[in-house]
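A.B. asks:
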Amino acid sequence: MRYQSFLIKYAEIGVKGKNRYMFEDALVKQIRFALKAVDGEFEVVKESGRIYANALSDFDFEDALEALERVFGVSAICPLVQVDDLGFEELKKQVVAYLDQVYQEKDFTFKVDARRANKQYPKTSEEVNRDLGEVILEAFPGLSVDVHHPQVMVHVEIRSRINLYSQVIPGPGGMPVGTNGRAMLLLSGGIDSPVAGYMIAKRGVVIEAVYFHAPPYTSERAKEKVVELARLVSAYAGPIRLHIVNFTDIQLYIYDQCPHEELTIIMRRYMMRIGELIARKEKCLGLITGESIGQVASQTVQSLAATNDVCTMPVFRPVIGFDKQEIVDIAERIGTFETSIQPFEDCCTIFVAKHPVTRPDIRKIRHSEGKLAERIDGLVETAVETAEVVVCGRS
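Residue numbers (our numbering): 42 to 436.
#1: Sorted by chain position, which residues of the same chain lie with C-beta nearer than 6 Å to Phe-357's C-beta, five sequence neighbours on each side aside?
#2: Considering only their Cβ atoms, is the gap separating Ser-98 from Gly-214 smaller than 7 Å?
#3: Cα separation between Lys-160 and Ala-96?
#4: Whether or not the stretch 124-134 and the stretch 203-217 are in contact is what I'm after, with contact meaning three or more pairs of Cβ atoms, one per stretch, closer than 8 Å; do they touch?
#5: Pick out whichever of Asn-170, Lys-164, Ala-180 and Cys-119 has its Cα sitting closest to the Cα of Lys-147.
#6: Measuring CB to CB, does Thr-289 end up less than 7 Å from Ala-338?
#7: CB-CB under 7 Å to Ala-67, same chain, minus the five flanking residues each way: which ones, in chain order?
#8: With distances taken between CB atoms, is the gap from Met-225 to Cys-352 smaller than 7 Å?
#9: Using three-state DSSP, classify Arg-309 as helix, strand or coil.
#10: Check Phe-151 in the structure and name its three-state DSSP category.
#11: So within the stretch 343-392, which uninterrupted alpha helix (DSSP H) runs reach at least 4 residues, ignoring any that extend past its ends?
#12: Just to check my reading of the structure: Gln-298 and Lys-412 have Cβ atoms closer than 8 Å, yes? What is that Cβ distance to the nearest angstrom?
#13: With burial defined as no fewer than 16 other Cβ atoms inside 10 Å of the residue's Cβ, what is the status of Leu-127: buried or exposed?
#14: Any heavy atom of the ligand ZN closer than 6 Å to the CB of Phe-74?
#15: When burial is assigned at 16 or more other CB atoms within 10 Å of the CB, is Asn-60 buried or exposed?
#16: Could you say if the stretch 363-375 and the stretch 230-247 meet the contact criterion of at least three C-beta pairs nearer than 8 Å?
#17: Near Ser-185, what residues of its chain come up, given a Cβ to Cβ distance below 6 Å and the 5 sequence neighbours on each side ignored?
#18: Using a threshold of 7 Å, state whether the C-beta atoms of Lys-87 and Glu-65 are closer than that.
#19: Could you tell me the alpha carbon to alpha carbon distance between Leu-270 and Val-251, rounded to whole angstroms?
#20: Going by the DSSP bridge assignment, what does Asn-95 pair with across the sheet?
#21: For Glu-429, which residues of its own chain have a beta-carbon under 6 Å away from its beta-carbon, when the five flanking residues on both sides are left out?
#22: Under three-state DSSP, which class holds Leu-127?
#23: Between which two residues does the alpha helix (DSSP H) harbouring Tyr-239 extend?
#24: Pull the bridge partners of Asn-287 from the DSSP assignment, please.
#25: Tell me where the alpha helix (DSSP H) around Ala-408 begins and ends.
#26: Since Arg-61 is in the alpha helix (DSSP H), which residue starts that stretch and which ends it?
#27: Return the CA-CA distance between Asp-101 and Val-188, expressed in angstroms with no decimal places.
#28: If you compare alpha carbons, which of Thr-259, Leu-304 and Gln-142 is closest to Phe-385?
#29: Look up Asn-170 in the DSSP assignment and say whether it is helix, strand or coil.
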């Protein structure tokens, strides 16, 4: 079957009030952006609570479907045949032709679900259901009707034109990117932070990211790995500006001046400080991390409180209550897992203490940071000013 259109369904947007059109417009924009990666020309239009992606040229069906499956805000994708209203006898022929082309094996149960948006149509929805069901049974003796649990639901939407579809492919759900502000993701080379970025982007937030690089202790391959992770997340979130911060001098200074059991917490606090400085510069409204309670020493409740202590903007932790397998499952589904497990160390693991404090006392941590007063502000300022910016994903 050569489909030329997709009916795009949404869920959450439908419960919005008078500003629903703003969310619909944002979704249309994101669908257009996603389809730019597909060979072929498309028009994306909205019409009476429906969004259509219509092909204006030949295109690769699987590529187009894959692109649409990554658009946040889409709840379902329905490959669609649109036909002109040339009378009911012609509609019968079109429905039979549609089923004949879409389903090679004619041995399933079905139900016709007609919706008559055009109230001037001469038949009621019930009449359309009954009469089309009869025609289908005559054309394909191997089929049978099941009104309660059909294997195939034949949808017939009677509008200015008539929509025919029977495949409903799940989309990612969520809200269109760009409808809920901007936030800064602290992106490492691990499994958790790309998943966290994906989950916040799914709520409509535009994502920027910051990565802390520590050459020569971390290699160029580690940096390339994080750039690739940002690119993979951008397939869902849209282009991501990745700020690559040289953290070496700050880490060495902390290592030289502070108690080693506190290194992880103090380094994490300075990452949060720098992340917030860059976030404010880029007009972000919050930070995003991949922290999960109890997963490592720096993610106990006491440690999280210690790192939060230096932040004035909200910190979003979408995987905070997930266990590792739950996070891995999402990483595998969105395609980041295989890259995340590549064996290139990041700056956190290089300088980790043998016996890190798991219940840090914030007063003691602040006292230890006082030993950094002579140089730390200048090092932080330099790190922010010299950050490299890489745009990941198609713009």
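Glycine residues also receive a C-beta, built at the ideal position from the N, C-alpha and C atoms.
C.D. replies: Reading from the atomic positions:
#1: Answer for Phe-357: Ile-241, Gly-327 and Ile-329, listed in chain order.
#2: No, the Cβ-Cβ distance between Gly-214 and Ser-98 is not below 7 Å.
#3: Taking the straight line joining both Cα atoms gives about 28 Å.
#4: Short answer: they touch.
#5: Nearest of Asn-170, Lys-164, Ala-180 and Cys-119 to Lys-147, Cα basis: Ala-180.
#6: In this structure, Ala-338 does not lie closer than 7 Å to Thr-289 by Cβ.
#7: Within the same chain, Ala-67 has close Cβ partners Pro-217, Gly-219 and Thr-220.
#8: Taking 7 Å as the Cβ cut-off, Met-225 and Cys-352 do not qualify as a contacting pair.
#9: The three-state secondary structure of Arg-309, taken from DSSP, is helix.
#10: Residue state for Phe-151 is assigned as strand, using DSSP reduced to three classes.
#11: Under the rule that a run must span 4 or more residues, the alpha helix (DSSP H) segments found entirely inside the stretch 343-392 read 365-375, 378-381 and 388-391.
#12: Contact between Gln-298 and Lys-412 holds, since their C-beta atoms are separated by about 4 Å, short of 8 Å.
#13: For Leu-127, the number of other beta carbons within 10 angstroms of its own is below 16, and it is reported as exposed.
#14: In the structure shown, the ligand ZN is absent, as is every other ligand, since no ligand is present at all.
#15: Only exposed fits Asn-60, as fewer than 16 other CB atoms lie within 10 angstroms of its CB.
#16: Verdict: yes, contact present.
#17: The beta carbon of Ser-185 is closer than 6 Å to those of Thr-150 in its chain, skipping five residues each way along the sequence.
#18: Judged by their CB atoms, Lys-87 and Glu-65 are nearer to each other than the 7 Å cut-off.
#19: Straight across, the Cα-Cα distance linking Leu-270 with Val-251 is about 12 Å.
#20: Paired residues: Ser-46 and Glu-84.
#21: So the list reads Ile-285, once near-sequence residues are dropped.
#22: It is coil, neither helix nor strand.
#23: Where Tyr-239 is concerned, the enclosing alpha helix (DSSP H) stretches over 233-242.
#24: As computed with DSSP, Asn-287 is found in a beta bridge with His-254.
#25: Ala is not the amino acid found at residue 408; the sequence shown has His there. Start and end: 403-410.
#26: 61-76 is the span of the alpha helix (DSSP H), which, as asked, contains Arg-61.
#27: Approximately 34 Å, taken between the alpha carbons.
#28: It is Thr-259.
#29: The answer is helix: DSSP assigns Asn-170 an H, G or I state.
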